[in-house]
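Protein chains: 2
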Amino acid sequence: MSVSVTELGRRAKIAATRLAFASTGAKNSALVAAADLLADRADEVLAANRADLDGAESAGMEPGPLDRLRLTEARIGAMAEGLRDVARLPDPVGEVLDGWRRPNGLQIERVRVPLGVVAIIYENRPNVTSDAAGICLKSGNAVLLRGSATALQSNVAIVDILRDATAKAGLPADCVALVDDVRHETAIELMQLDTVDCLIPRGGHALIQSIRDHATVPVIIDGDGNCQIYVDASADLDRALDIVVNAKTSRPGVCNAAESLIVHESAAAAFLPRVCEALAELQVELVGDAAARRWWPAMGEATDDDFAQEFLALKLAVAVVGSLDAAIDHVNRFGSGHTEAILTRDLAAARRFTTEVDAGTVMVNASTRFADGGEFGFGAEIGISTQKLHARGPMALRELTTYKNVVWGDGQVRN
Amino acid sequence: MSVSVTELGRRAKIAATRLAFASTGAKNSALVAAADLLADRADEVLAANRADLDGAESAGMEPGPLDRLRLTEARIGAMAEGLRDVARLPDPVGEVLDGWRRPNGLQIERVRVPLGVVAIIYENRPNVTSDAAGICLKSGNAVLLRGSATALQSNVAIVDILRDATAKAGLPADCVALVDDVRHETAIELMQLDTVDCLIPRGGHALIQSIRDHATVPVIIDGDGNCQIYVDASADLDRALDIVVNAKTSRPGVCNAAESLIVHESAAAAFLPRVCEALAELQVELVGDAAARRWWPAMGEATDDDFAQEFLALKLAVAVVGSLDAAIDHVNRFGSGHTEAILTRDLAAARRFTTEVDAGTVMVNASTRFADGGEFGFGAEIGISTQKLHARGPMALRELTTYKNVVWGDGQVRN
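Respectively, the protein sequence lines represent chains A and B.
Counting in the working numbering, the first sequence runs from 1 upward without gaps.
Counting in the working numbering, the second sequence runs from 1001 upward without gaps.
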């Protein structure tokens, strides 16, 4: 029988208290042990995954999700390698972020500490189970994992290995726990669990809406990526062509893919026919406003909904604007706070765009696809925050920490 | 007729977009102009406050809250001086928090930016209106202020001045707005307003509970301060006496006052009779566990509820523990995440306590009363966070900001 969510939270809290000041060595040992055990017990994981796949196939799951659910020896190998990578990253805990002395002699230090208990609600892919657990463990957080029903048996097998590895390293097994009761109600319980210090939902609109409706615990939203690229009047159009094609087509189903292209009217004649031809050849469906359609009449008509939508597919909405101001307004109006890019050779335009556009990440002359923990050099990624509180953009180890104010005195009292 | 909360939010969002990159000079001009206008128009504010006081008196308000509601020329002078102080503080916006180059040549910078629209729900005291608005303005945030019904006329007069000053400095007046429809429903609306980037509730249990029940916007909880002081076996007992008396009695009604005293059993005989005598002389009501009562038999019996409670009064719960471990367990069990202190001469005990106690601020050999924005040297305070996400402990300008990742490239695409 499943352990209740409340009880899992209680155990995680106790484990987190110990994990918070565990040595880097112990945490790394747990990560390496987990990697070793994943390799040793790959058959066990593959058999569990086979059962999940069988269930999903009989339930008529589409090929896309089915592929994301599927584990192979190579994918398990990549999960293990991911855990070893995280073991090699510097431990964020204990870093002194700031420190100063007051006139009365008090010495104040802001020291980086773990958040405590992190809960993650996610979808289909079982590799998230080990990736997320690894990042939480290294940053000193106990983790409550709540994957999808379709991946339950895979997740049970993986978490079993992670818990064994944690115990083997002398840390509480409860540092990693799976909510294996996958009814909708348990997700809601998790959103309201007192023992959760931070909840990170990784999923689509329905999950985010459910979080808004139900969550009482602190949340970091990993929301839509309606990424936009603005091609300025002064852009290098050869580079712009490469960047737009890369941002739209290199992996259209991910959150940092571009969904809109905004072109300055004075670059439209030279750029739009070229970029539309290149995109059309790559099977990208184009929709645009009237000014854009003038340069590529095959384009469908774009509504505001198109500009506001994260297609996650080979589809791009195109607009032509008369000025940098209009571009910034368009970007801020339709953006989701994820990633926006300007392609320009004009310093003033770049400075205004980076200053005035309100998003987690603002790119200058680079593909939106670089908004990623790995590409940022974090060595891992737990998600991409589209909110402003706590963390913004790609999140990894540091973003799963908070700080504690430690004040050293020698008898000071306040007048 | 009042403007709807939704419309106030919409206007604040537009104002915030401009304020986000306003110059430090313009923001400081607005603050200084507000200070000048508060002095010039003090009569107007005092008349409005007189009307609030009359209403509150007829409604039978107690002397304590009545005093907090009362403005005088001196208090208005202090409000103006507070605004001038904030004008003198460094502008947090634009600070580059971190920056690095990737192997592919991308230059990544984390730049400090305002949160956007900050909403503050607060109680009786009208000086919070100008204090909070000043801190928000300096940190580049538009602010939606929602004070109590009892202070409505005072707040209307103060916000009128703040808006005039903001406009005088060439910034949108909508950078500061008062929710002047003070029905309970409008507070709930504010908790769910899409345009709010961060809500800071400053109030008691009922407000915090309402936030938990209703808030869908990101929140920073300024919660209870159940501050505890642990007197270790090795403490300097003379200093400990001063610190405990200071922490309990210097201002018992504030959140950083001590509410519990935990004494190591080997210090109990030498310390408890002394400290209890000193506290009893200062009219402090003492309750304790059995071991504590042995050393001061006049003490009442303390329940777990007493140890968990923020008395905000001249009352102290006293416990005796057999070890540092027991002290840390007690502190973590009953703490509210605000401020905890250890008094000790033992380095190992100090290091363990500061590491293992989970609170926003941990003091060593100093009064809990120093957990305060002013005492931390921030020059201002918008509240004290008792949550872990985003900010912890005293909050001022920096804590009202987030960051933006700005990525500079020269044509990079992702493989």
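By construction, the Cβ of each residue, glycine as well, lies at the ideal position given by its N, Cα and C atoms.
{"Asked": "Tell me, to the nearest whole angstrom, how far the beta carbon of B:Leu1108 is from that of B:Gly1094; I am working on the premise that it is less than 8 angstroms.", "Found": "Note on residue identity: the sequence assigns Ile, not Leu, to residue 1108 of chain B. In fact, because the Cβ distance is near 16 angstroms, the residues do not count as touching under 8 angstroms."}
{"Asked": "If the cut-off is 7 angstroms on Cβ atoms, which residues from the segment 106-140 of chain A count as contacting chain B, listed in chain order?", "Found": "Leu106, Ile108, Leu115, Gly116"}
{"Asked": "What is the DSSP secondary structure of A:Met363, reduced to helix, strand or coil?", "Found": "strand"}
{"Asked": "Per DSSP, B:Tyr1230 is paired with what?", "Found": "B:Ile1262, B:Ile1342"}
{"Asked": "CB B:Ala1033 to CB B:Ala1165, shorter than 8 angstroms?", "Found": "yes"}
{"Asked": "Please say whether A:Lys404 and B:Arg1392 have beta carbons closer to each other than 8 angstroms?", "Found": "yes"}
{"Asked": "Is A:Leu282 close to chain B? Criterion is C-beta to C-beta, closer than 8 angstroms.", "Found": "no"}
{"Asked": "So, for B:Asn1246: in the same chain, excluding its five sequence neighbours on each side, which residues have a beta-carbon less than 8 angstroms away from its beta-carbon?", "Found": "Ser1367, Arg1369"}
{"Asked": "The alpha helix (DSSP H) spanning A:Gly64 covers which residue range?", "Found": "63-69"}
{"Asked": "How about the segment 230-243 of chain A and the segment 337-356 of chain A: do they share at least three Cβ pairs that are nearer than 8 angstroms?", "Found": "yes"}
{"Asked": "For a contact meaning CB atoms closer than 8 angstroms, what does B:Asn1405 contact in chain A?", "Found": "Gly360, Thr361, Val362, Ala371, Phe376, Arg392, Gly393, Pro394"}
{"Asked": "Reducing DSSP to helix, strand and coil, say where A:Arg101 ends up.", "Found": "strand"}
{"Asked": "Three-state secondary structure (DSSP) at B:Arg1202?", "Found": "strand"}
{"Asked": "Can you tell me the Cα-Cα spacing of B:Ser1210 and B:Thr1195, whole angstroms?", "Found": "19 angstroms"}
{"Asked": "Does any C-beta atom of chain A lie closer than 8 angstroms to the C-beta of B:Arg1212?", "Found": "yes"}
{"Asked": "Evaluate contact between the segment 300-308 of chain A and the segment 265-275 of chain A, counting only Cβ atoms and requiring at least three cross-stretch pairs below 8 angstroms.", "Found": "no"}
{"Asked": "Look up A:Ser385 in the DSSP assignment and give the residues it is bridged to.", "Found": "A:Gly393"}
{"Asked": "Decide if A:Leu97 is buried, meaning its Cβ has at least 16 other Cβ atoms within 10 Å, or exposed.", "Found": "exposed"}
{"Asked": "Mark A:Gln153 as exposed unless 16 or more other C-beta atoms lie within 10 angstroms of its C-beta, in which case mark it buried.", "Found": "buried"}
{"Asked": "Any beta carbon from chain A within less than 8 angstroms of B:Ser1323's own beta carbon?", "Found": "no"}
{"Asked": "For a test of the three-state rule: what should DSSP assign to B:Glu1095, helix, strand or coil?", "Found": "coil"}
{"Asked": "Which first and last residues belong to the beta strand (DSSP E) in which B:Asn1405 is found?", "Found": "1401-1412"}
{"Asked": "Give the secondary structure of A:Leu171 by DSSP, where H, G and I count as helix, E and B as strand, and everything else as coil.", "Found": "coil"}
{"Asked": "Mind checking if A:Glu399 is an interface residue toward chain B, Cβ cutoff 8 angstroms exclusive?", "Found": "no"}
{"Asked": "Can B:Ile1158 be considered in contact with the ligand PLP, in the sense that its beta carbon sits closer than 7 angstroms to one or more heavy atoms?", "Found": "Because no ligand of any kind appears in the structure shown, any question about the ligand PLP cannot be addressed here."}
{"Asked": "Give me the Cβ distance between B:Arg1202 and B:Ile1135, rounded to the nearest whole Å; I'm assuming they're in contact under 8 angstroms.", "Found": "Their Cβ separation, rounded to whole angstroms, is 12 angstroms, which puts B:Arg1202 and B:Ile1135 out of contact at 8 angstroms."}
{"Asked": "Relative to the C-alpha of A:Arg146, which candidate in A:Asp181, A:Val117, A:Arg112, A:Cys175 has its C-alpha closest?", "Found": "A:Asp181"}
{"Asked": "Looking only at its own chain, which residues have a Cβ that is under 6 angstroms from the Cβ of A:Asn104, when we skip the five neighbours before and after it?", "Found": "Gln412"}
{"Asked": "Anything in the segment 319-348 of chain A with a Cβ closer than 9 angstroms to a Cβ of chain B? List those residues in chain order, please.", "Found": "Asn332, Thr339, Ala341, Leu343"}
{"Asked": "Would you verify that the beta carbon of A:Leu19 is, or is not, closer than 8 angstroms to some beta carbon of chain B?", "Found": "no"}
{"Asked": "Give the range of the alpha helix (DSSP H) segment to which B:Ile1328 is assigned.", "Found": "1324-1334"}
{"Asked": "I'd like the list of long-range same chain contacts for A:Val176, defined as Cβ closer than 8 angstroms, with 5 residues on each side in sequence excluded.", "Found": "Ala133, Cys136, Leu137, Ala142, Val143, Leu145, Val159, Leu162, Arg163, Thr166"}
{"Asked": "Leaving out five residues on either side along the sequence, give the residues of the same chain with a beta carbon under 6 angstroms from the beta carbon of B:Ala1327.", "Found": "Tyr1230, Ile1262, Val1321"}
{"Asked": "Is B:Arg1239 close to chain A, meaning its C-beta is less than 8 angstroms from at least one C-beta of that chain?", "Found": "yes"}
{"Asked": "Using a Cβ-Cβ cutoff of 7 angstroms, what residues of the segment 1271-1300 of chain B are near chain A? List them in chain order.", "Found": "none"}
{"Asked": "Measuring CA to CA, which of A:Trp296, A:Asp67, A:Thr129 is closest to A:Cys276?", "Found": "A:Trp296"}
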